[in-house]
Amino acid sequence: MSAGTAWTHCAGCGALLYGKKLSRNLYVCPHCEHHHRLTAPERIAQLTDPGSFRPLAGTVLATDVLDFADRRPYRDRLVDARRATGLSDAVVCGTARLAGLPVCLAVMDFRFMGGSLGVAVGEMITRAAEQALTTRMPLLIVTASGGARMQEGALALLQMAKVSQAIGALGRAGVPTVSLVTDPTYGGVAASFATNCDVILVEQGARMGFAGPRVIEQTLRRKLPDDFQTADFLLAHGQVDEVRPRREIRDWLVALLRALQPAESVAPEPAGTDVLVRDPGALEAADAWATVSLARDTRRPTALDYLRSAFDGFVELRGDRFGEDCPAIVAGFARLADRPVAVVGQQKGHHTKELVSRNFGMPQPAGYRKALRVMRLAAKLHIPVVSLVDTPGAYPGAEAEANGQSFAIASNILALFDLDTPVVTAVTGEGGSGGALALAVADRVLIAEHGIYSVISPEGCSSILWGDAGVAETAARALHLTAGDLLRLGVVDAVVPEPVGGAGGDATTMIENVGAALAHTLAELCARPVDELLHERRARFRQIGADGFTTARADEAIVVRPAPAGPRTPRPALTAAGKAVG
Numbered sequence: 050m051s052a053g054t055a056w057t058h059c060a061g062c063g064a065l066l067y068g069k070k071l072s073r074n075l076y077v078c079p080h081c082e083h084h085h086r087l088t089a090p091e092r093i094a095q096l097t098d099p100g101s102f103r104p105l106a107g108t109v110l111a112t113d114v115l116d117f118a119d120r121r122p123y124r125d126r127l128v129d130a131r132r133a134t135g136l137s138d139a140v141v142c143g144t145a146r147l148a149g150l151p152v153c154l155a156v157m158d159f160r161f162m163g164g165s166l167g168v169a170v171g172e173m174i175t176r177a178a179e180q181a182l183t184t185r186m187p188l189l190i191v192t193a194s195g196g197a198r199m200q201e202g203a204l205a206l207l208q209m210a211k212v213s214q215a216i217g218a219l220g221r222a223g224v225p226t227v228s229l230v231t232d233p234t235y236g237g238v239a240a241s242f243a244t245n246c247d248v249i250l251v252e253q254g255a256r257m258g259f260a261g262p263r264v265i266e267q268t269l270r271r272k273l274p275d276d277f278q279t280a281d282f283l284l285a286h287g288q289v290d291e292v293r294p295r296r297e298i299r300d301w302l303v304a305l306l307r308a309l310q311p312a313e314s315v316a317p318e319p320a321g322t323d324v325l326v327r328d329p330g331a332l333e334a335a336d337a338w339a340t341v342s343l344a345r346d347t348r349r350p351t352a353l354d355y356l357r358s359a360f361d362g363f364v365e366l367r368g369d370r371f372g373e374d375c376p377a378i379v380a381g382f383a384r385l386a387d388r389p390v391a392v393v394g395q396q397k398g399h400h401t402k403e404l405v406s407r408n409f410g411m412p413q414p415a416g417y418r419k420a421l422r423v424m425r426l427a428a429k430l431h432i433p434v435v436s437l438v439d440t441p442g443a444y445p446g447a448e449a450e451a452n453g454q455s456f457a458i459a460s461n462i463l464a465l466f467d468l469d470t471p472v473v474t475a476v477t478g479e480g481g482s483g484g485a486l487a488l489a490v491a492d493r494v495l496i497a498e499h500g501i502y503s504v505i506s507p508e509g510c511s512s513i514l515w516g517d518a519g520v521a522e523t524a525a526r527a528l529h530l531t532a533g534d535l536l537r538l539g540v541v542d543a544v545v546p547e548p549v550g551g552a553g554g555d556a557t558t559m560i561e562n563v564g565a566a567l568a569h570t571l572a573e574l575c576a577r578p579v580d581e582l583l584h585e586r587r588a589r590f591r592q593i594g595a596d597g598f599t600t601a602r603a604d605e606a607i608v609v610r611p612a613p614a615g616p617r618t619p620r621p622a623l624t625a626a627g628k629a630v631g
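For what it's worth, the working numbering labels the leading residue of the sequence shown as 50, then goes sequentially.
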């Protein structure tokens, strides 16, 4: 669409629009918000700093290697497309700057044979990726395509793999890749580089899928939902990170690139004061049940509160890429003391509506998969991970079980032992069971002074072992779930002090304390070799509980007391020294 056109009809609502006014509105209809398609040069002009774009050297031209002809020879179609668009093929590649940040670009143009992926397009995007690898610039691919180019047969099909391996090389080198999906993106492009980039942003109104809706309807012989394959559909089904209107896309990309900037490329700030308490004797004695109440106080800062105030420039990523997005987990990238960090946190809320919308901070399997996806991306980009734990536990529901809750938690626990980047966990409120541990396998585990961390809730424990939920206070004391108890047991490494009366009474001070504690801890960890951290992380968990058992000698008799008559619970087996085993 050209700004030189005096008047045009909106493709969305049919309204008559003045061309120059539409251009000033970024080719978005002011009446219905329909996003009209942009040419590659228009998209580059909107995204990049004025005058900063530099095309890649060399021109790649497709040839009619198959001597293909349908109603017209392929070579004639190529000539017509080049003449109509002024482009060599369906993509424009080069380097540019976004708010001063360098980036490599590959921008597709739907006008050129429907933005189809052929050998020339594959070669040009691959060269852009190789340029990004050489210069260590992030790669941004803007897609608009109907799929692989049929006139080039299997050669076009294999461009999906060719470009994907180039993106894989960037991943192995720790160079970020970002996909901006615009309307339409289908077929081989959707099933390769549009979706195998690290981050996927979708323009409002865009559609993406492998098979087109017409093909699916013909195959299934039924009508699809109106929102099928739309941007909002993709977001709701966990397949993309964000959907934004065109006017917000540049700012969102700039925020992401700033969050991912390596620490060494900016002037580091002091790591902050060491506020942590490492001696359990330095903590005031705390009643377990009172601590449970303080840990559950809905006035306590949530993960999003910490992200807004203790961190800078948080950019949230969504979706597990398997079909869902769990609102109980927030995840993304930010900066802490000017250091890039990935943050995953369990989000509760301050009032009933928010608590319900966030499932009371109880993640479903999709939440743990999302968290692991972001943590693995952080490791790939050599960025440390911060996890903020505050959950009663993983969601105990039939749907969660059907979707593999146990597998999701188990996968996170196992993967964190191999995550080759520093990991710090802060239990900011409740640390409930395996639902908390799935984010808490870390180099350092911190806990708020009035936080709790337990194998089960006091209510659950009292119901199971006492047969009475009403003795939860007794169970809380028996579980030794307070910060002081956990520090003595070696479950946590340090305690973050809380203001008098608890974090809920002075959220500002608590956020400052947690931010300072995390910054100080990361400064220490990031100065050490990752292999050393991995070894110590595994050793740390290997020795946990060492004071909770004894090992009988091979020649030591095991004394088992006979059970008394009547339906009583058997006592544990004892060693000759009188210590319980089993």
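Ideal Cβ positions, reconstructed from N, Cα and C, are used throughout, including at glycine.
Proximity below 8 Å, CB of residue i to CB of residue j
| i | j | result |
| --- | --- | --- |
| L536 | S503 | no |
| L75 | Q95 | yes |
| A169 | V238 | no |
| E498 | L332 | yes |
| L182 | A155 | no |
| S358 | I560 | yes |
| V212 | V251 | no |
| M162 | R126 | yes |
| L189 | V227 | yes |
| R235 | G261 | The residue asked about is misnamed: residue 235 is Tyr in this sequence, not Arg. Result yes, Cβ atoms of Y235 and G261 sit closer than 8 Å. |
| V392 | T470 | no |
| A215 | R86 | no |
| A556 | P350 | yes |
| L166 | G196 | yes |
| G453 | P414 | yes |
| V632 | N562 | Nothing about residue 632 can be reported from this structure: the residues present for the chain run from 50 to 631 only. |
| D113 | R124 | yes |
Residue i burial status per 10 Å Cβ neighbour count (16 or more: buried)
| i | result |
| --- | --- |
| A316 | Since pLDDT at A316 reaches only 42, below the 50 mark, its modelled position is unreliable, and no value is offered. |
| K69 | exposed |
| C78 | buried |
| A491 | buried |
| L486 | buried |
| R402 | Per the sequence shown, residue 402 should be read as Lys rather than Arg. Per the 10 Å Cβ criterion, exposed. |
| F242 | buried |
| K272 | exposed |
| A337 | buried |
| L229 | buried |
| H400 | exposed |
| F456 | exposed |
Contacts around residue i, its chain only, beta-carbon distance under 6 Å, and the 5 residues preceding and following it disregarded
| i | result |
| --- | --- |
| A64 | H80 |
| G394 | A352, V379, L437 |
| A148 | V303 |
| L343 | H499, G551 |
| R348 | G553 |
Spatial neighbours of residue i in its chain, beta-carbon cut-off 7 Å, leaving aside the 5 residues before and after
| i | result |
| --- | --- |
| G362 | A304, R307, A308, A383, R384 |
| Q310 | P389 |
| E172 | V109 |
| G539 | I593 |
| L366 | V248, D290, A380, G381, V423 |
N- and C-terminal bounds of the alpha helix (DSSP H) containing residue i
| i | result |
| --- | --- |
| M209 | 208-221 |
| S406 | 401-406 |
| L356 | 352-358 |
| P90 | 89-96 |
| L71 | 68-73 |
| F198 | In the sequence as displayed, the identity of residue 198 is Arg instead of Phe. Unbroken run through R198: none, as it is neither H nor E. |
| L343 | 337-344 |
| R146 | Unbroken run through R146 is the beta strand (DSSP E), 140-147; no alpha helix (DSSP H). |
| A130 | 123-134 |
Segment limits, beta strand (DSSP E) that includes residue i
| i | result |
| --- | --- |
| Q180 | Here Q180 belongs to no beta strand (DSSP E); instead the alpha helix (DSSP H) covers 168-184. |
| Q395 | 388-395 |
| D361 | 361-366 |
| R370 | No beta strand (DSSP E) contains R370, which DSSP labels as neither H nor E. |
| F382 | 378-385 |
| P151 | 150-157 |
Residues near residue i in its chain [Cβ-Cβ closer than 8 Å; skip 5 each side]
| i | result |
| --- | --- |
| A527 | C510 |
| I513 | I505 |
Residue-chain proximity (residue i, chain D), Cβ-Cβ < 8 Å
| i | result |
| --- | --- |
| P311 | This model lacks chain D altogether, as it is built from one protein chain only. |
Inset, instruction - May I have a chain-ordered list of the alpha helix (DSSP H) segments no shorter than 4 residues that lie completely inside the segment 530-610? - result: 532-538, 556-575, 579-592
Legend entry - Sequence ranges, beta strand (DSSP E) only - wholly within the segment 479-536, length at least 3: 493-497, 501-503
Inset, instruction - Any chance you could list the alpha helix (DSSP H) runs of at least 4 consecutive residues sitting entirely within the segment 225-312, in chain order? - result: 236-239, 262-269, 280-285, 295-309
Inset, instruction - Could I get the ranges of all uninterrupted beta strand (DSSP E) runs contained in the segment 412-461, with 3 residues as the minimum, in chain order? - result: 434-440
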